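Going by UniProt numbering, the sequence shown opens with residue 1, and the numbers climb by one from there.
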Amino acid sequence: MKLQDYQHHTDLKKLKTKALIELAADVRRLIIETVTKNGGHLASNLGAVELTISLLKTFDIDNNDLIIFDTGHQTYAYKILTDRKAHFSTIRLPDGLAAFQHINESKYDHLSNGHAGTGLSTAIAYSYNQKYNNIICVIGDATFTNGLTLEALTYLGTISNKIIVILNDNGMSISKNVNILHKTVSKVRTRWLYRSASKVVKALRYIPPLTLLWLGHLLVEKIIRSFAIPGLFAGFNLDYIGTVDGHNFRKLAKSLRQAKKQNTSVVLHLKTKKGYGYGLTQAEQEKYHSYSLTDNKHNEWSYYVAKTLEKVFQTASEKFYLISAAMQASVHLEEFMLQNPQYCLDVGLAEEHAVTLAAGFALDHQKVIVNMYASFLQRTYDQVLHDVVRNHLPVVFLIDRASLALADGDSHHGIYDIGFLNSMGDLPIISQPATSSEFDQLLKLALINKKDPFFIRYPKVGITRQVLSVAFSVGQWEYVIKNPKARILLITYGNNVIKAKTVITKLETKKINVINARFINPVDREIIKQINMEKYKQIIIFEEVIKETGLYAKIIDLLINHNATISHYGYETGLIKKEMNNLEEILRNLIN
């Protein structure tokens with residue numbers, strides 16, 4: 001069947017294998033065409049097309065069968081084949097389809113997600129409602145390193161509720177070196193049964209009449225492997241079916257029917273390939289896990305940070321440990337981590353473990369850096385507070401993507417970190433550089449810091465490679481524009497410092513002074529107290545975070561007995577759907 005002739009998911013019920021293959025090819029073409037225009041998760045979605053078609057063919061989502069995708073990044077085919085084919089071209093665009101599942105988008109989406117590990121717990125909750133017939137949760141192999149998934153698996157094995165857990169195993173795990181299934185199978189090679197059988201077969205090789213028995217070595221390995229993975233899930237008291245070719249419609253249909261007939265929870269293990277049908281190499285599969293519209297890495301903060309870490313590490317007399325939670329490819333740290341395996345640790349999608357692991361290194365007086373997305377740092381609140389801040393440990397946090405993420409949706413906004421870190425009092429040092437040279441100085445301060453965690457946050461793009469400031473100490477701000485005749489004062493940090501300078505130069509005005517508030521905590525109390533409140537008619541605090549959680553409260557406490565109008569620009573509380581007011585427009589209106 002051609003996708004253009006496809007009307008409804010019930011069409012799939014009557015299709016034969018040949019028609020399904022044709023439809024899968026068309027779905028892939030649409031995904032590729034759209035993602036290369038809009039950006040998004042490419043390789044992972046191409047690997048889940050046959051699975052999605054087979055699920056919709058086997059189960060009845062109009063009559064109380066539920067399909068839930070953990071993380072939600074593999075749902076493009078699901079969106080196309082349910083009720084969103086006509087709108088798929090809008091995915092990741094303003095007011096378009098969400099990048100992940102979203103309960104407000106379709107009646108066939110039963111979870112709004114974007115972070116790993118939430119699918120199975122949600123599926124279990126649905127299973128307590130007797131009206132549902134079959135509940136299916138699709139989980140990628142990467143998520144099996146996530147603590148939340150393991151907690152849910154443990155609980156699932158203790159109850160009688162039935163869930164069909166589909167393990168979509170592409171062997172990549174976003175960063176391929178952390179794969180619990182691969183490690184489990186590898187461990188079998190060291191067990192007594194395998195060692196003994198292997199030694200016997202190896203010995204037989206040297207007996208000429210029995211040389212052909214060397215082939216038995218391969219047979220032994222295959223047999224042992226067939227017990228290893230089922231044993232993993234047997235430990236959770238779950239039945240197991242697998243492994244099954246996740247791109248073969250006939251095998252998928254047979255295994256899904258088998259899982260459907262089960263009376264108890266079952267894990268169906270599928271082997272799939274990222275980028276299937278697109279001819280991606282293994283390296284490209286990881287590169288195109290998420291497809292970026294721009295390939296200008298020199299405009300990315302991540303790229304500069306990675307290269308700076310390499311230089312600092314090479315010359316450092318005291319080496320540091322670097323911990324990543326499966327995101328090293330997207331932040332350009334992969335090469336550095338491969339070259340320094342003894343100091344670089346990829347813990348997989350286990351952010352909480354990453355932070356407490358870092359705390360352990362710091363307790364042992366080792367210098368340690370954690371690299372993490374701002375949106376994923378949210379998952380580690382307790383570890384940051386209980387294990388790091390409370391113990392005054394000098395862990396360095398490099399917080400990437402500290403900005404709005406409109407295309408990926410509200411689950412990936414990196415604007416909440418300052419709020420929860422500020423709730424921990426004056427102990428965390430929180431900073432954001434305006435330029436590359438400012439990052440260099442912040443990193444230097446962070447690495448010599450001996451007490452309390454040091455956070456350096458930065459957005460994905462927009463780095464300015466220039467020298468902006470002289471040397472500074474922790475908590476020190478700086479006037480980047482200071483004119484004695486100015487009647488307006490702008491206080492901001494990060495990329496907005498450069499934006500403000502550019503706008504003011506463009507407007508050719510001397511009415512606005514600008515303070516670079518590079519430290520959000522601690523604030524520069526001296527520079528705030530020295531602000532001449534009689535001079536300024538307007539003070540603007542501009543920051544791309546939730547308004548109630550940023551600098552405003554700290555500054556207003558120090559600005560007493562003033563007549564100036566103080567305006568605070570930031571995001572309102574709640575889930576953010578669009579960018580905030582344009583800085584240039586604000587400044588232009590003020591001087592007119």
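Glycine is no exception: its CB is placed at the ideal position from the N, C-alpha and C atoms.
Predicted, not measured: the structure shown is a model, and the values here were computed from it.
Asked: Hey, Arg487 and Tyr536 are a contact pair by Cβ (cut 8 Å); roughly how many whole angstroms apart?; Found: 6 Å
Asked: Could you check if Lys14 is buried or exposed, using at least 16 other CB atoms within 10 Å of its CB as the buried criterion?; Found: exposed
Asked: When you compare only the Cα positions, how much space is there between Gln538 and Arg588?; Found: 14 Å
Asked: To the nearest angstrom, report how far apart Gln282 and His568 are at their CA atoms.; Found: Low per-residue confidence applies at Gln282: pLDDT is 48, beneath 50, and the placement is therefore not dependable, though the value from the model is reported in the following sentence. Answer to the nearest angstrom: the Cα atoms are 48 Å apart.
Asked: Is the beta carbon of Ala77 less than 9 Å from the beta carbon of Val27?; Found: yes
Asked: Which one of Asn133, Glu544 and Gly570 has the shortest CA to CA distance from Gln262?; Found: Asn133
Asked: Does the Cβ of residue 626 have 16 or more other Cβ atoms within 10 Å, making it buried, or fewer, making it exposed?; Found: Within the shown structure, residues of the chain are numbered from 1 to 592, placing residue 626 beyond reach of any answer.
Asked: Just reading off the beta strand (DSSP E) that Arg457 is part of, what are its end residues?; Found: Phe454 to Arg457
Asked: Going by the beta-carbon positions, is the gap between Tyr416 and Phe439 smaller than 9 Å?; Found: no
Asked: Using the three-state DSSP reduction, which class does Ile541 fall into: helix, strand or coil?; Found: strand
Asked: Nearest to Glu526 by CA position, among Ile512, Gly570 and Glu478, is which residue?; Found: Glu478
Asked: Taking C-alpha atoms, which residue in Ala359, Met337 and Ile540 lies nearest to Leu590?; Found: Ile540
Asked: Taking the C-alpha atoms as reference points, what is the distance between Arg195 and Leu232?; Found: Only weak support exists for where Arg195 lies, its pLDDT of 47 falling under 50; the value from the coordinates is given anyway. Rounded to whole angstroms, Arg195 to Leu232 spans 19 Å at the Cα level.
Asked: Taking the C-alpha atoms as reference points, what is the distance between Leu349 and Ile556?; Found: 40 Å
Asked: Taking 8 Å as the cut-off, is the C-beta of Lys16 nearer than that to any heavy atom in the ligand GTP?; Found: Judged by which ligands are present, the structure shown has none, so any question about the ligand GTP falls away.
Asked: If Ser375 and Val331 are in contact, beta carbons under 8 Å, what's the gap, nearest whole angstrom?; Found: With 8 Å as the limit, Ser375 and Val331 do not qualify as a contact, their Cβ atoms being about 13 Å apart.
Asked: Determine whether the beta carbon atoms of residue 656 and Thr122 lie at a separation below 9 Å.; Found: The requested residue 656 is not part of the displayed model; the chain covers only 1 to 592.
Asked: Any chance you could list the alpha helix (DSSP H) runs of at least 4 consecutive residues sitting entirely within the stretch 309-377, in chain order?; Found: 334-339, 351-363 and 374-377
Asked: Do Ile418 and Gly550 have their beta-carbon atoms positioned less than 9 Å apart in this structure?; Found: yes
Asked: Enumerate in chain order the residues of its own chain whose CB-to-CB distance from Asp5 is below 7 Å, with the five nearest sequence positions on each side excluded.; Found: none
Asked: One question on the structure: do Ile166 and Leu268 come within less than 9 Å of each other, judged by their Cβ atoms?; Found: yes
Asked: Quick one: using the 10 Å Cβ neighbour count with 16 as the cut-off for buried, is Ile515 buried or exposed?; Found: buried
Asked: Return helix, strand or coil for His115, following the three-state DSSP convention.; Found: coil
Asked: Tell me whether Gly242 sits in a helix, a strand or coil according to DSSP, three-state version.; Found: strand
Asked: Assign Tyr373 to buried or exposed, taking buried as 16 or more other Cβ atoms, counted over all protein chains shown, within 10 Å of its Cβ.; Found: buried
Asked: What does the alpha-carbon distance come out to for the pair Ser436 and Val523?; Found: 21 Å
Asked: Using the beta-carbon count (16 or more within 10 Å), is Ile163 buried or exposed?; Found: buried
Asked: Note down, in chain order, each residue of its chain lying with its Cβ closer than 8 Å to the Cβ of Asp65, except the 5 sequence neighbours on either side.; Found: Phe59, Tyr132, Asn133, Asn134, Ile135 and Ile136
Asked: Nearest CA to the CA of Val244: which residue from Leu51, Phe320, Asn340 and Ser265?; Found: Leu51
Asked: Rounded to whole angstroms, what is the Cα-Cα separation between Leu42 and Met327?; Found: 16 Å
Asked: Quick check: the Cα distance between Gln383 and Asn168, rounded to an integer number of angstroms?; Found: 30 Å
Asked: Taking only runs that begin and end inside the stretch 547-572, name each unbroken beta strand (DSSP E) of 3 or more residues, in chain order.; Found: 565-571
Asked: If you scan the stretch 460-495 from start to end, which runs of the beta strand (DSSP E) of 3 or more residues do you find wholly inside it?; Found: 478-481 and 488-492
Asked: CB-CB under 7 Å to Ala152, same chain, minus the five flanking residues each way: which ones, in chain order?; Found: Leu120, Ser121 and Ile124
Asked: Compute the distance between the beta-carbons of Asp70 and Ala116, then report whether it is under 9 Å.; Found: yes
Asked: For Asp400, which three-state DSSP category applies?; Found: strand
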